[in-house]
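Trainee: Encoded as structure tokens, here's the structure I'll be asking about.
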Amino acid sequence: METEKQLLYEIKKGERGAQRRLYERFAGYLMAVCLRYLADREAAEDVLQDCFVKILTSVDHFEYRGEGSLKAWVTRLAVNESINSLRRKERLLFTDQIPDEVEEEAPDVGKVPLELLQRLIEELPTGYRAVFNLYVFEQLSHKEIANELGIKENSSASQYLRAKKLLARKIREYIKQDIK
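Per my numbering, the sequence shown starts with residue 1, numbered consecutively.
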């Protein structure tokens, strides 16, 4: 398999085939990233297209730092484009009130098929979903999420806890139904 370094070298030389290979290599993965943030497939496809335009027009500014750095960079672009799309198209509502309810034991996520778990995450309210994805999948701190979304750190923590609680409830409901 072609290394990221080889692929970048050919793209920077202007080879069209290398651009196509870049798309083929990352399109499916980046689509999945976009869908984590945007529940609407058509919106995710638009963002994916915008991502590749941005990738190909700014690849000369990308600094290669070893195998995996290209994937990390294009992932970050997809996350940023997805969040920008959310900002433009949806009104993100955040609260900084942290729930004071006692947290129940986490459900056994292993009993839930991956596709269903992804769908349950997609069904979260937009603000919850954005914070949940940034915290869980991008592994950002609440401070970093707050900076990324232009919200308070407490709002990030609150949104995450509410998302986690809602997701846990939906998972418990599925497990309960699955047992019957």
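The beta carbon of each residue, even a glycine, is placed where N, CA and C say it ideally should be.
Small disclaimer: the values here were computed from a predicted structure and weren't measured.
If you reduce the DSSP assignment to three classes, tell me which class Met31 lands in.
Mentor: In this structure, Met31 counts as helix in the three-state DSSP scheme.
Trainee: Tell me the start and end of each unbroken alpha helix (DSSP H) in the region 122-147 that is at least 4 residues and wholly inside, in chain order.
Mentor: As far as the region 122-147 is concerned, its whole alpha helix (DSSP H) runs of at least 4 residues are 126-136.
Trainee: Return the Cβ separation of Ala106 and Cys34 in integer angstroms, given the expectation that the two are a contact with Cβ distance under 8 angstroms.
Mentor: Not really, about 27 angstroms apart at Cβ, beyond 8 angstroms.
Trainee: Would you call the CB atoms of Ala122 and Ala39 closer than 9 angstroms?
Mentor: What sits at residue 122 in the sequence shown is Glu, not Ala. Closer than 9 angstroms, so yes.
Trainee: Can you name the start and end residues of the alpha helix (DSSP H) that Asp46 belongs to?
Mentor: Per DSSP, Asp46 belongs to the alpha helix (DSSP H) from 41-58.
Trainee: Could you tell me the alpha carbon to alpha carbon distance between Gln159 and Ile145, rounded to whole angstroms?
Mentor: Near 11 angstroms, if we compare the C-alpha coordinates of Ile145 and Gln159.
Trainee: Do you know offhand how far Lys165's Cα is from Thr75's?
Mentor: If I take the Cα positions, the gap works out to 27 angstroms.
Trainee: Quick one: grab the DSSP three-state call for Tyr174.
Mentor: Note: Tyr174 maps to helix in three-state DSSP.
Trainee: Should Val47 be labelled buried (16 or more other beta-carbon atoms within 10 Å of its own) or exposed?
Mentor: Buried, since its Cβ has 16 or more Cβ neighbours within 10 Å.
Trainee: Which residues bound the alpha helix (DSSP H) around Ile151?
Mentor: First-last for Ile151: undefined, no H or E at that position.
Trainee: Can you tell me which of the three DSSP states Lys13 falls into?
Mentor: Reduced to three states, the DSSP call for Lys13 is coil.
Trainee: Should Ser85 be labelled buried (16 or more other beta-carbon atoms within 10 Å of its own) or exposed?
Mentor: Buried: at least 16 other Cβ atoms inside 10 Å.
Trainee: Helix, strand or coil for Tyr160? Go by DSSP, reduced to three states.
Mentor: DSSP places Tyr160 in helix when its eight states are reduced to three.
Trainee: On a Cα-Cα basis, can you pick out the residue from His142, Val112, Ile151, Arg162 that is closest to Pro125?
Mentor: Of the listed residues, the one whose Cα sits closest to Pro125 is Arg162.
Trainee: Tell me which residue opens and which closes the alpha helix (DSSP H) that Ala77 is part of.
Mentor: Position check: residue 77 holds Leu in this sequence, whereas Ala was assumed. Taken as a continuous stretch (DSSP letters only), the alpha helix (DSSP H) holding Leu77 covers 69-89.
Trainee: Grab me the residues of Lys89's own chain with a C-beta within less than 8 angstroms of its C-beta, minus the 5 sequence neighbours each way, in chain order.
Mentor: Excluding residues within five positions, the ones whose Cβ falls inside 8 angstroms are Ala43.
Trainee: To the nearest angstrom, how far is it from the Cα of Glu63 to the Cα of Glu2?
Mentor: The alpha-carbon atoms of Glu63 and Glu2 are separated by roughly 18 angstroms.
Trainee: How should His142 be labelled, buried or exposed, when 16 other C-beta atoms within 10 angstroms of its C-beta is the threshold for buried?
Mentor: With 16 or more other Cβ atoms within 10 Å, it is buried.
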